[in-house]
Amino acid sequence: MKSYILSIDQGTTSSRAIIFDDNLNIVSLAQQDIANFFPNPGWVEMDANEIWESVQNVCPEALRKSGLKPEDIKAIGITNQRETTIVWDKVTQQPVYNALVWQSRQTADLCEMMNRSGFSRLIQDKTGLTIDPYFSASKIRWILDNIDLGQRRADDGELLFGTVDSWLIYKLTNGKIHITDVTNASRTMLMNLDTVQWDDELLNLWNIPDKMLPQIRPSSEIYGYTDLLGCNTPIAAVCGDQQSALFGQMCFNEGECKNTYGTGCFLLFNTGKKRIASKNGLITTVAWKIGDEVTYALEGSVFVAGAAIQWLRDGIKLIKTAAESEDHARSVPDSAGVYVVPAFTGLGAPYWDKQAKGAIFGLTRGTTQNHLIRATLESLAYQTYDVIEALQQDTNIDLKGLQVDGGASQNNYLMQFQSDILQTKIIRPVNFETTALGACMLAGLAIKLFKNKEELRDKYKTDKLFTLMMSKMHQNRLVNGWKKAVKATMDF
Ligand code: ADP
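Numbered per the working numbering, the sequence shown spans residues 132 to 623.
Now the structure itself:
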């Protein structure tokens with residue numbers, strides 16, 4: 132009899148449930164979109180109850196579509212949008228306010244104040260993070276300071292905090308279990324990266340009572356059981372979405388690296404048992420904890436990647452679909468010296484320039500829309516190059532290859548160009564649902580459906596391998612042009 136695992140992939144715009152068989156094939160998938168609210172400029176919020184309801188809908192729907200019985204599902208793994216912050220009433224299990232989404236900037240002033248007070252060094256040393264509204268700590272503080280909590284108090288445990296994983300597990304177990312995993316905890320700015328526990332000094336700094344906090348657990352073990360599917364199913368994995376994708380890409384070893392080409396790019400690099408502090412604008416984070424063993428990663432993000440292709444489609448209307456950008460790019464022999472720097476919301480790693488705006492360079496009378504499209508696609512590869520360059524300066528590790536996923540990784544022109552610019556091979560798996568796959572694999576390990584990581588690696592199926600076809604000299608010339616373009620953009 133075959134065994135199956137259900138992955139819950141709770142994201143910013145949708146919740147998905149995916150059932151995998153024990154060969155890591157997708158058996159069924161159900162998805163529900165979720166609303167984002169923008170109550171003020173820069174604020175992004177979600178309804179925590181809607182998040183929970185969507186999960187209650189998609190899981191049984193995926194089961195129905197699969198034709199399996201509830202007992203066939205041997206475990207549930209959860210992967211989720213990270214940092215998003217929920218505070219709820221322990222007894223009524225009702226949120227006291229909307230979920231504050233990772234993108235939300237309502238705590239910019241609070242973070243600025245913390246920065247000015249000189250805590251950035253201490254916080255970076257302990258958490259690997261740069262003070263920013265992105266992470267949960269300032270969001271918890273904001274809810275405690277700005278929401279009418281009535282008689283309820285956070286310091287005697289009447290109010291609980293959780294990232295989305297904690298919230299879902301609390302609901303899935305009807306209030307019995309209040310936990311999170313190391314990867315999610317590492318994004319709160321309250322966890323010490325060395326002890327992988329909450330840190331009293333950080334809690335004092337942010338004035339957050341420890342009674343609110345979930346217990347921090349490994350990413351792969353049975354935390355408890357849920358009757359969501361109609362029988363008792365173990366919840367056996369929790370892992371933040373990007374870390375889960377790193378695991379799903381089987382980047383188990385030090386030096387292995389994945390890049391997700393979605394709206395933005397998220398690059399994670401496994402640094403093994405070593406936690407490496409970046410000098411080049413990358414974040415240090417926990418990749419996962421299995422048993423007693425903690426694996427660390429460096430992370431770099433590019434704000435605008437697939438979003439630049441959306442801009443070609445919806446903004447300046449040069450294309451009708453994202454996919455057709457590939458044919459346009461191939462219809463010209465090169466980008467004819469055109470560079471597009473899509474710094475629409477500033478520049479992320481490794482530049483961290485909030486003020487930068489986008490720019491196009493190298494226009495001539497001969498420039499056509501196909502050159503612009505090609506140059507925009509290429510900007511995704513150049514931005515990834517910049518993050519990898521920072522990574523190599525931090526680690527001295529020679530990159531052996533890059534595993535890719537996300538919507539824009541389907542573009543073969545882009546992946547070939549990426550291989551050429553990085554001068555390394557690019558590996559694209561058949562199953563690009565790597566985020567959900569990671570949680571499935573972690574859950575399968577916890578219930579011993581899979582013996583070990585090696586067994587999982589044997590199940591990896593490569594869709595396409597891209598190997599470099601460009602000379603180092605040509606690559607050098609192109610990269611030099613890009614560097615000049617970025618510099619000019621920042622100087623403008
Ligand atoms: P997210 O999870 O961030 O919503 P996805 O992984 O679903 O993103 O990828 C969607 C993004 O990828 C969009 O920004 C879209 O413009 C881009 N994209 C999708 N297909 C292609 C393609 N064939 N070529 C280039 N970009 C693409």
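All residues carry an ideal CB built from backbone N, CA and C; glycine is no exception. It should be emphasised that the depicted structure is a prediction, and the values quoted were computed from it without experimental measurement.
By the neighbour-count criterion, in which a residue is buried when 16 or more other Cβ atoms sit within 10 angstroms of its Cβ, Ser602 is exposed. In the three-state reduction of the DSSP assignment, Ile149 falls in the strand class, which pools E and B.
Counting only residues of its own chain and dropping the five nearest sequence neighbours on each side, Leu398 has a CB closer than 6 Å to the CB of Asn390, Gly431, Val518.
Taking every protein chain shown into account, the CB of His309 has 16 or more other CB atoms within 10 angstroms, so this residue is buried. The Cβ atoms of Thr507 and Leu553 lie no closer than 8 Å to each other. Secondary structure at Arg559: strand, using DSSP grouped into helix, strand and coil. The C-beta distance from Asn211 to Gln141 rounds to 4 Å, short enough to meet the 8 Å contact threshold. Excluding the 5 residues flanking it on each side, Ile278 has same chain C-beta neighbours closer than 7 Å at Val227, Tyr228, in chain order. Annotation: Leu275 to Ala285 spans about 8 Å, alpha carbon to alpha carbon. Take Glu289, set aside five residues on each side of it, and the residues of its chain with a beta-carbon closer than 6 Å to its own are Lys221, Arg283, in chain order. In terms of side-chain proximity, the C-beta atom of Ser456 is found nearer than 7 Å to a non-hydrogen atom of ligand 1. Contact check for Gly569 against Thr416 fails: the beta carbons are separated by 8 Å or more. Judged by their CB atoms, Thr238 and Ser269 are nearer to each other than the 8 Å cut-off. As summarised for the segment 203–239, the continuous beta strand (DSSP E) elements at least 3 residues long and confined to that stretch are 204–211, 217–220, given in chain order. Distances from the alpha-carbon of Asp152 to those of Met572, Asn607, Thr598 put Met572 closest. Around the beta carbon of Arg195, fewer than 16 other beta carbons lie within 10 angstroms, which makes this residue exposed. For Val435, same chain residues with a beta-carbon under 6 Å away, outside a window of 5 residues either side, are Pro473, Phe475 in chain order. DSSP, reduced to helix, strand and coil, places Phe548 within a helical segment of the structure shown.
Excluding residues up to 5 positions away in sequence, Asn501 lie with their Cβ nearer than 6 Å to the Cβ of Ser462 in the same chain. If you draw a straight line from the Cα of Cys362 to the Cα of Gly489, it is about 53 Å long.
With a cutoff of 7 Å, Gln163 does not count as near ligand 1, since its C-beta is closer than that to no heavy atom of the ligand.
Of the heavy atoms belonging to ligand 1, at least one sits nearer than 7 Å to the Cβ of Leu545. Its Cα nearest to that of Lys595, the residue Lys556 stands out among Thr566, Tyr392, Lys579, Lys556. When C-beta atoms of the segment 349–362 are compared with those of the segment 291–311, three or more pairs fall below 8 Å, so the two segments count as touching.
Only residues of its own chain outside the window of five on either side were considered, and among them Ala179, Pro226, Ala230, Gly293, Trp298 have a CB closer than 6 Å to the CB of Ile217, listed in chain order.
Rounded to the nearest whole angstrom, the CA to CA distance from Leu503 to Lys618 is 19 Å. The alpha-carbon separation between Ser351 and Met604 amounts to approximately 46 Å.
For Met244, the three-state secondary structure derived from DSSP is helix. Per DSSP, reduced to three states, the secondary structure at Val535 is strand.
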